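The numbers in the sequence shown follow the UniProt record's numbering, run straight up by one, and end at 564.
We put the CB at the ideal spot given by N, CA and C, even for glycine.
On a predicted model such as this, the values are computed, not experimentally measured, just so you know.
Take a look at the structure below.
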Amino acid sequence: MFCSFSSLHYLFPVSPSPKAAAAASSASGRMFSWVSKDARRKKEPELFQTVAEGLRQLYAQKLLPLEEHYRFHDFHSPALEDADFDNKPMVLLVGQYSTGKTTFIRHLIEQDFPGMRIGPEPTTDSFIAVMHGPTEGVVPGNALVVDPRRPFRKLNAFGNAFLNRFMCAQLPNPVLDSISIIDTPGILSGEKQRISRGYDFAAVLEWFAERVDRIILLFDAHKLDISDEFSEVIKALKNHEDKIRVVLNKADQIETQQLMRVYGALMWSLGKIINTPEVVRVYIGSFWSHPLLIPDNRKLFEAEEQDLFKDIQSLPRNAALRKLNDLIKRARLAKVHAYIISSLKKEMPNVFGKESKKKELVNNLGEIYQKIEREHQISPGDFPSLRKMQELLQSQDFSKFQALKPKLLDTVDDMLANDIARLMVMVRQEESLMPAQAVKGGAFEGTMNGPFGHGYGEGAGEGIDDVEWVVGKDKPTYDEIFYTLSPVNGKITGANAKKEMVKSKLPNTVLGKIWKLADVDRDGLLDDEEFALANHLIKVKLEGHELPADLPPHLIPPSKRRPQ
Numbered sequence: 001m002f003c004s005f006s007s008l009h010y011l012f013p014v015s016p017s018p019k020a021a022a023a024a025s026s027a028s029g030r031m032f033s034w035v036s037k038d039a040r041r042k043k044e045p046e047l048f049q050t051v052a053e054g055l056r057q058l059y060a061q062k063l064l065p066l067e068e069h070y071r072f073h074d075f076h077s078p079a080l081e082d083a084d085f086d087n088k089p090m091v092l093l094v095g096q097y098s099t100g101k102t103t104f105i106r107h108l109i110e111q112d113f114p115g116m117r118i119g120p121e122p123t124t125d126s127f128i129a130v131m132h133g134p135t136e137g138v139v140p141g142n143a144l145v146v147d148p149r150r151p152f153r154k155l156n157a158f159g160n161a162f163l164n165r166f167m168c169a170q171l172p173n174p175v176l177d178s179i180s181i182i183d184t185p186g187i188l189s190g191e192k193q194r195i196s197r198g199y200d201f202a203a204v205l206e207w208f209a210e211r212v213d214r215i216i217l218l219f220d221a222h223k224l225d226i227s228d229e230f231s232e233v234i235k236a237l238k239n240h241e242d243k244i245r246v247v248l249n250k251a252d253q254i255e256t257q258q259l260m261r262v263y264g265a266l267m268w269s270l271g272k273i274i275n276t277p278e279v280v281r282v283y284i285g286s287f288w289s290h291p292l293l294i295p296d297n298r299k300l301f302e303a304e305e306q307d308l309f310k311d312i313q314s315l316p317r318n319a320a321l322r323k324l325n326d327l328i329k330r331a332r333l334a335k336v337h338a339y340i341i342s343s344l345k346k347e348m349p350n351v352f353g354k355e356s357k358k359k360e361l362v363n364n365l366g367e368i369y370q371k372i373e374r375e376h377q378i379s380p381g382d383f384p385s386l387r388k389m390q391e392l393l394q395s396q397d398f399s400k401f402q403a404l405k406p407k408l409l410d411t412v413d414d415m416l417a418n419d420i421a422r423l424m425v426m427v428r429q430e431e432s433l434m435p436a437q438a439v440k441g442g443a444f445e446g447t448m449n450g451p452f453g454h455g456y457g458e459g460a461g462e463g464i465d466d467v468e469w470v471v472g473k474d475k476p477t478y479d480e481i482f483y484t485l486s487p488v489n490g491k492i493t494g495a496n497a498k499k500e501m502v503k504s505k506l507p508n509t510v511l512g513k514i515w516k517l518a519d520v521d522r523d524g525l526l527d528d529e530e531f532a533l534a535n536h537l538i539k540v541k542l543e544g545h546e547l548p549a550d551l552p553p554h555l556i557p558p559s560k561r562r563p564q
């Protein structure tokens, strides 16, 4: 009866006597607490307008207290900030020097970016965050880590040696509207890798790996050796294998038979370092806009490039799900960390022999792992690296560790069991409202060219001041080819035009742009003037010039021009 009365008292307030109130104080307090908590839980979904907002609130209210209580940030990862939940998807490029990392970015955005340097030697000596901005410019590292709008504030912990090698290159670009790209220094090999960088390179990459949506490891088809520094970096990316994609670049420089051997050698090398039963996905190609040196595998390269582009284009649509997944991984690690720290605290003596006991506990940390695993039914994969944890514990004062506080752990368990499930529903709802959300612009649209600067009167600008159509001087040569392609009613089909255009060995994305520019009347066919224009644009590209975003007036065929 008392339980029923308590429930009724909560739902329909009455005025009990002081004696009855005193008698019911303890039990009803527990009941009120349970009912009010359940009522709050039912209201919480209304407070989360977006998934990002929900993740931010759950982290601050439920996970952060556990992290702070057991000094999680001293061992694993700095606390998350608002910018970590609101930032655009990020792509991290990692590879040895001269594997084409910076050129890859240039290929994606089809535009030079501030601070860009390309060469066969180790040219990129800095971490460059290539991000969207209203104007072109560079933000130095020290200024970047104090900007609350950027997700880089916690990089301040790596010191000036790193911050002097960190910058943000911002520029207006349609690709960067949807994603940000992190260019990294080339990983050294041979004698070079013995030179100290002045900061923990692997630790910086690990920090980025926790926060990015995709990690792309680039390899040169002529340089497959994995140096000690590269091996250390790949091992630092452990627990983020789901984000890793591998690119075998410059594959157009070797014959088909050699390419098969190179691919096999790369898979063998990666298998020794990335200890997963699944085979890592490797994309083969030549990721720049120059003609293929050996076009034998052209179709393969085009298919691989499209697969990689689709993977990158999906990042904005899956960004909320990735952040949710990363928060779950962080919460599981924070729970295990709490059990480890509280176990060490429990084993420490109160007065004498603290240092000797500390050494004993550090040396026997593997046994503590096994004990926690058995007592709390935790998967071995949730535990941090044993060797790394032992190294970090050496410098810690165990007397400052906290004992187990079940309330904090229960709060995180409640978050994982209930709140995360509700956010998963919201993720699907957000995805259904934005089904077309994808990276656009740059190389992702084969018929769209980015904002390039052009020399006046050069390349596509040639003949801008001429009275005669500049293509006309070579038109007789192009006409001879045109009439061998079986024109019908004075026009050739796209299939017939393609047979001739692919002989240029230009990438498919470039030929797509040329087709769009040359098909002036947009009928999906080319007449003799349009075919001559297409060949002129191919010549412009082969001479090393960029194609225009829109067809300049002086290149429009005479028969297609509007009367003045």
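- Within the segment 378-411, the complete alpha helix (DSSP H) runs of at least 4 residues fall at 386-393.
- With 16 or more other Cβ atoms from the protein chains shown falling within 10 Å of its own Cβ, Leu-155 counts as buried.
- 9 Å or more divides the Cβ of Ala-518 from the Cβ of Leu-506.
- DSSP, reduced to helix, strand and coil, places Ile-226 outside both helices and strands of the structure shown, so it counts as coil.
- Membership of Ser-343 in the alpha helix (DSSP H) is indicated by the continuous run 315-347.
- Under a 10 Å Cβ-count criterion, Ala-495 is classified as exposed, with fewer than 16 other Cβ atoms of the shown protein chains found around its own Cβ.
- Bridge pairing for Gly-95: Leu-218 [DSSP].
- Taking 9 Å as the cut-off, the beta carbon of Phe-531 is found no closer than this to the beta carbon of Ile-556.
- For Ala-532, the uninterrupted alpha helix (DSSP H) segment begins and ends at 528-542.
- Taking a cut-off of 8 Å on C-beta distances, the segment 303-321 does not touch the segment 373-386, as fewer than three cross pairs fall below it.
- The Cβ-Cβ distance between Ala-460 and Leu-526 does not fall below 9 Å.
- In the DSSP annotation of this structure, the continuous segment of the beta strand (DSSP E) that includes Ile-181 starts and ends at 180-183.
- In this model, Met-260 and Glu-67 are separated by some 48 Å (Cα to Cα).
- For Phe-85, the closest alpha carbon among the candidates Leu-237, Gln-257 and Lys-323 is that of Lys-323.
- In the three-state DSSP reduction, Phe-162 falls in the helix class (H, G or I).
- Boundaries of the alpha helix (DSSP H) around Gly-141: 141-144.
- With contacts defined as CB atoms closer than 9 Å, Pro-114 and Pro-172 fail to qualify as a contacting pair.
- No residue range can be given for His-290, since it is assigned to no alpha helix (DSSP H) and is classified by DSSP as neither H nor E.
- Ranked by Cα distance from Pro-406, the first of Glu-53, Tyr-70 and Thr-50 is Tyr-70.
- About 18 Å separates the CB atoms of Ser-77 and Glu-232; that is not less than 8 Å, and the two are not in contact.
- Looking at the backbone, the Cα of Phe-482 and that of Glu-445 are separated by about 28 Å.
- Straight-line spacing of the CA atoms in Phe-72 and Arg-153 works out to 18 Å.
- When the Cα atoms are used, His-107 and Ala-236 turn out to be separated by approximately 28 Å.
- Spanning the alpha carbons of Pro-349 and His-240 requires a straight line of approximately 38 Å.
- The three-state reading of DSSP puts Tyr-283 in strand, counting E and B together.
- Counting other Cβ atoms within 10 Å of its Cβ, Trp-515 reaches 16 or more and is therefore classed as buried.
- Around the beta carbon of Ala-129, a 10 Å sphere encloses 16 or more other beta carbons of the protein chains shown; the residue is thus reported as buried.
- Looking at the DSSP output, Phe-127 bridges to Phe-166.
- In the structure shown, the three-state DSSP call for His-132 is strand.
- Closest in C-alpha terms to Arg-245, from the list Arg-214, Ala-221, Ile-234 and Asp-228, comes Arg-214.
- Counted as a single uninterrupted DSSP element, the alpha helix (DSSP H) harbouring Arg-374 occupies residues 365-376.
- Here Met-90 carries a strand assignment [DSSP, helix/strand/coil].
- Ile-105 sits in a helix when the DSSP states are folded into three classes.
- In the DSSP annotation of this structure, the continuous segment of the alpha helix (DSSP H) that includes Ile-273 starts and ends at 256-273.
- If the five residues before and after Tyr-283 are omitted, its C-beta is found closer than 8 Å to the C-beta atoms of Arg-245, Val-246, Val-247, Leu-248, Glu-304, Glu-305, Asp-307 and Leu-308, all from its own chain and listed in chain order.
- Rounded to the nearest whole angstrom, the CA to CA distance from Leu-423 to Leu-408 is 21 Å.
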